[in-house]
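In numbering that gives the first Met the number 0, the protein residues as written are 0 to 201. Comments concern the structure below.
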Amino acid sequence: MFAAMTRSKEQKLVAQAAAGDRDAGAALIRFHQGGVYAYILRMCGRHELAEDVVQEAFVRVLMNLDRFDPRYRFSTWVFTIARRVMMNFMEKRRPAFDSERVSQSSGRSLDESAEVDHRDQNNACRDAVQQALLTLSFEQREVIVLFHQHEWPIWLIAEQMKMPEGTVKSHLHRGRAKLRDALRGADPVIIPQIQRQESRTA
Numbered sequence: 000m001f002a003a004m005t006r007s008k009e010q011k012l013v014a015q016a017a018a019g020d021r022d023a024g025a026a027l028i029r030f031h032q033g034g035v036y037a038y039i040l041r042m043c044g045r046h047e048l049a050e051d052v053v054q055e056a057f058v059r060v061l062m063n064l065d066r067f068d069p070r071y072r073f074s075t076w077v078f079t080i081a082r083r084v085m086m087n088f089m090e091k092r093r094p095a096f097d098s099e100r101v102s103q104s105s106g107r108s109l110d111e112s113a114e115v116d117h118r119d120q121n122n123a124c125r126d127a128v129q130q131a132l133l134t135l136s137f138e139q140r141e142v143i144v145l146f147h148q149h150e151w152p153i154w155l156i157a158e159q160m161k162m163p164e165g166t167v168k169s170h171l172h173r174g175r176a177k178l179r180d181a182l183r184g185a186d187p188v189i190i191p192q193i194q195r196q197e198s199r200t201a
C-alpha cells in the first residue's frame, strides 16, 4: 500500500497542505481514505461507524498537519489518528456496539453463504471473513487486518500497537487459528480463498 505514492511526493503534498493548499489536502485524503475506511470497517464491522470515524479522523489529520514528523511515514500517522478516533467512538458507544455485534454474530450463520451463486462468491467471502473477524479479540483482529489486508510488516504493526514483535506474531498465529475454526462451517468455495489470503507468512 505504500508504493502507490512516492514518499517525496507525499511529503511535498503534506507540506503544501500544511501551508493551506486545499487541493493538496484533498489529494492526501483521496489517496488514504480508502485504506483507512477498509481498516476501520474490518475492525468494527459497521459501515456507518466507519464513515463517521474516517470523517472525524481526516478532520484531525488536516488540523494537525503541522505536528506531523516527516521522519515517519505519513500513512502510519494517519492510521494512528484513525485508530484513536475509532477507540474513542467505540468507547462512547460501548453498550450499543456490543449488543449490535452480538446480534450480528448470532443472527447470521456463516453457512448461509452456501446459497449464493458464483458471481456473489467474493461478496460471500468478504461477509464470512468479516463475521469471523468479529469473533477475535481486538488485538488479534487488528494484527490480521494490518498484516493481510494492508500488508504492513511485523515491525510496523509492533510500532503501531506498541507491543513486541513476538507478541504481534503470537496474535497473528492465534488469530489465524481462530479464523479457521470460525470459518469451518462456511461454503467450501470460501475456504481456498481464505487459505490464499493466509499464504503470506510473518
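No residue lacks a Cβ here, since even glycine has one placed at the ideal position from N, Cα and C.
DSSP state of residue i mapped onto helix, strand, coil
i, result
"Arg70", "coil"
"Leu64", "helix"
"Thr5", "coil"
"Leu135", "coil"
"Ala18", "coil"
"Val13", "helix"
"Arg82", "helix"
"Arg45", "coil"
"His183", "A quick correction: the sequence has Arg, not His, at residue 183. Arg183 falls in the coil class under three-state DSSP."
"Arg92", "coil"
Own chain partners of residue i with C-beta closer than 7 angstroms, once the 5 adjacent residues on each side are dropped
i, result
"Val35", "Val53, Ala56, Val77, Phe78, Ala81"
"Ile156", "Val142, Leu145, Phe146, Val167"
"Met85", "Ile39, Met42, Cys43, Val52"
"His170", "Glu138, Gln139, Val142"
"Phe67", "Val13, Phe73, Trp76"
"Ala23", "Leu12, Gln15, Ala16"
Same chain, Cβ closer than 8 angstroms to residue i, neighbours up to 5 away in sequence not counted
i, result
"Ser104", "Low confidence applies to Ser104: its pLDDT is 44, below 50, so where it sits in the model is not reliable, and the reading given next is rough at best. Around Ser104: Gln130, Leu133, Thr134."
"Trp154", "Glu164"
Best match in the options for proximity to residue i [C-alpha to C-alpha]
i, options, result
"Gln32", "Ala49, Arg175, Arg92, Asn87", "Ala49"
"Lys8", "Arg21, Ala26, Gly19, Leu178", "Ala26"
"Asp65", "Arg183, His46, Ile153, Gly19", "Gly19"
"Arg59", "Arg83, Arg183, Arg45, His46", "Arg83"
"Ala14", "Met62, Ala37, Glu47", "Met62"
"Ala176", "Gln148, Glu158, Lys161, Ser136", "Ser136"
"Gln159", "Arg21, Tyr71, Lys91, Arg45", "Tyr71"
"Arg183", "Val128, Met162, Arg21, Phe30", "Val128"
Residues near residue i by beta carbon distance below 6 angstroms, same chain, minus five either side
i, result
"Ile28", "Phe57"
"Pro69", "Gln10"
"Glu99", "Bear in mind that a pLDDT of 48 at Glu99, under 50, signals an unreliable position, so the number given afterwards is only what the model happens to contain. Nothing listed; no residue qualifies."
"Ala181", "Ala131, Thr134"
Chain C contact for residue i (CB, 7 angstroms cutoff)
i, result
"Glu138", "Annotation note: the requested chain C is absent from the structure, which comprises a single protein chain."
Open item on the list: Suppose only complete runs of 4+ residues qualify. What are the alpha helix (DSSP H) ranges in the region 148-177, listed by chain order?
Closed with: Within the region 148-177, the complete alpha helix (DSSP H) runs of at least 4 residues are 153-160.
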